[in-house]
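Under numbering that gives the first Met the number 0, the residue at position 114 of the sequence shown is numbered 113, and the numbers go up by one with no gaps.
In this text, a Cβ means the ideal position worked out from N, Cα and C, and glycines have one as well.
A quick write-up on the structure given underneath.
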Amino acid sequence: MVSNSFKSLLVAVFSVSCLFFSTTLPAQGKDVPGGEDGKKEAPKLDPAKIILEHVADAHEFHFFNLSKHPVSIPLPVILYSPAQGWSVFMSSRFNHGEDVYNGYRLLEENYVEENHLDPKTYAAGKIFAVDATGKPDASIKVYDLSLGRNAIQVIISVILLVWIMTGIAGKYAKGQGVKTAPTGFQNAVEPVITFVRDEVGKSNLGNKYEKYMPFLLTVFFFILINNLIGLVPGTANVTGNIAFTAVLGIIAFVVIMFSTNGHYWGHIANPPVPFGVKPIMIPVELLGIFTKPFALIIRLFANMISGHIIILSFICLIFIFGAMNTALGWGTSPFFVVLAVFIYLIEVLVAFIQAFIFANLTAVFIGQAFEGHDHGEGQHDDAVIV
């Protein structure tokens, strides 16, 4: 009820705002840039372009612009071309796409539009070899093995994960947390490990949980660290990248397959249904082998990218309304900023929830792979629905 009332209020506010401010919108004419006086039309805001650039991979960590000068951290560029051989340098050599370096150019959206290049062939954000005039030439084959911000951030996450866990393990090896109470960061991580052990491992895997706890804990903390780093402005939303979640899903699929037994495959080859239904259920059961990891892949990807898109959408609405009318832009900006901050705080909670869900569903699928038909079947079905 409260949610419906809030939605109705938002619709009412938006409608009234449009009604009052739309009458003051200028028409295309002499007083409008690009009108009859021949002035150049102001560039239009493209929310889809801004959002896609934010969630896409890049050759630098871009934080903000200071007096029209980008503040960013360049990343290594590793290229191989049969014509030129290997080239290794920093992305700063491209000067944010304005310069050609060593026979290559990093295409920016503005360059593609100004030179009327086909965006399907000359995609913005990619590196192309150039001809004698400095124009990109798609016919020259270039293999880009660069370490983009997604790859660099994954490496940073791995380093953080190893550093944190080895530090905590070292304290336990010295008896701290065993003979005495845990302290510091160890005290914060131990309840999380205990929670994953009890709610994910024991509840879904029974007496075999210890065998899978290293894998489940690694997956949980690796996803959690990447989720939290992705909330820092300027960083990459790695868990919102389908390639990243696909790798995690494939690893989970391999673990599930190695955990199967004869009963699992017997249930697929001869499902316990009436004989006339078996020809339908066997393909469904076979398809279910692949839909489980696919669900893991899509669930994590969709949930982590959606939050970033919603936040950027609220910010873009400020400039969209500002382009319609200055007063409308200033009047609605506090409202949209509050909404963006609210969604950002929700994303912190979602970072923990999605790490837990991925680890929990992986444990559910592993448990279904080696357990008997009657043992814990209802529990697993409920877990999958959640």
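For residue i, the first and last residue of its enclosing beta strand (DSSP E)
i: PHE127; result: 126-128
Buried/exposed call for residue i, threshold 16 Cβ in 10 Å
i: LYS210; result: exposed
i: ASN359; result: buried
i: SER258; result: buried
i: GLY174; result: exposed
i: PRO232; result: exposed
i: PRO292; result: buried
i: VAL76; result: buried
i: ILE249; result: exposed
i: PRO118; result: exposed
i: SER66; result: exposed
i: PHE274; result: exposed
i: SER138; result: exposed
i: TYR142; result: exposed
i: VAL111; result: buried
i: VAL386; result: Residue 386 is absent from the model: the chain starts at 0 and stops at 385.
i: MET303; result: buried
i: ASN94; result: exposed
i: VAL272; result: exposed
i: GLY166; result: exposed
i: ILE279; result: exposed
i: GLY398; result: A query on residue 398 cannot be resolved here, the shown segment of the chain reaching from 0 to 385 and no further.
i: GLY265; result: exposed
Bridge partners - residue i, DSSP secondary structure assignment
i: GLU389; result: As displayed, the chain neither begins before 0 nor continues past 385, which places residue 389 out of reach and without an answer.
i: PHE88; result: VAL76
i: LEU65; result: HIS68
i: TYR142; result: TYR79
Which of helix, strand or coil DSSP assigns to residue i
i: LEU204; result: helix
i: THR135; result: The sequence shown places Pro at residue 135, rather than the Thr named in the question. In this structure, PRO135 counts as strand in the three-state DSSP scheme.
i: VAL177; result: coil
i: LEU116; result: coil
i: VAL54; result: helix
i: TYR100; result: strand
i: GLU209; result: helix
i: ASN272; result: One detail in the question is off: residue 272 reads as Val in this sequence, not Asn. Of the three classes helix, strand and coil, the one that applies to VAL272 here is coil, per DSSP.
i: ALA358; result: helix
i: GLY229; result: coil
i: TYR121; result: coil
i: GLU108; result: helix
i: GLU346; result: helix
i: GLU198; result: helix
i: GLY366; result: helix
Start and end residues, alpha helix (DSSP H) containing residue i
i: ARG104; result: Where ARG104 is concerned, there is no enclosing alpha helix (DSSP H), although the beta strand (DSSP E) it sits in stretches over 103-105.
i: ALA251; result: 241-257
i: ARG298; result: 277-323
i: HIS95; result: HIS95 -> no alpha helix (DSSP H), and no H or E assigned at all.
i: ASN186; result: 183-194
i: ALA150; result: 148-172
i: ALA235; result: From DSSP, ALA235 is part of no alpha helix (DSSP H); its letter is neither H nor E.
i: TYR263; result: 261-268
Closer than 8 Å to chain B by CB, residue i
i: GLY176; result: The structure shown contains no chain B, having only a single protein chain.
Exercise. If you pair each beta-carbon of the segment 211-229 with each one of the segment 152-163, do three or more pairs fall below 8 Å?
Worked result: Taking a cut-off of 8 Å for Cβ pairs, the segment 211-229 and the segment 152-163 touch, as three or more such pairs fall below it.
Exercise. So, do the segment 168-187 and the segment 324-337 have three or more beta carbon pairs nearer to each other than 8 Å?
Worked result: no
Problem set entry | Meets three-Cβ-pair contact criterion under 8 Å: the segment 197-215 and the segment 126-144 | no
Problem set entry | contact_flag[the segment 158-174, the segment 81-98] where n(CB pairs < 8 Å) is 3 or more | As far as the Cβ criterion goes, the segment 158-174 does not touch the segment 81-98, which means the pair count is below three.
Exercise. Is the segment 346-361 in contact with the segment 284-303, if contact means three or more CB pairs nearer than 8 Å?
Worked result: yes
For this session: Take every Cβ of the segment 262-272, pair it with every Cβ of the segment 315-328, and state whether three or more of those distances are shorter than 8 Å.
Result: Contact fails: fewer than three Cβ-Cβ distances are below 8 Å.
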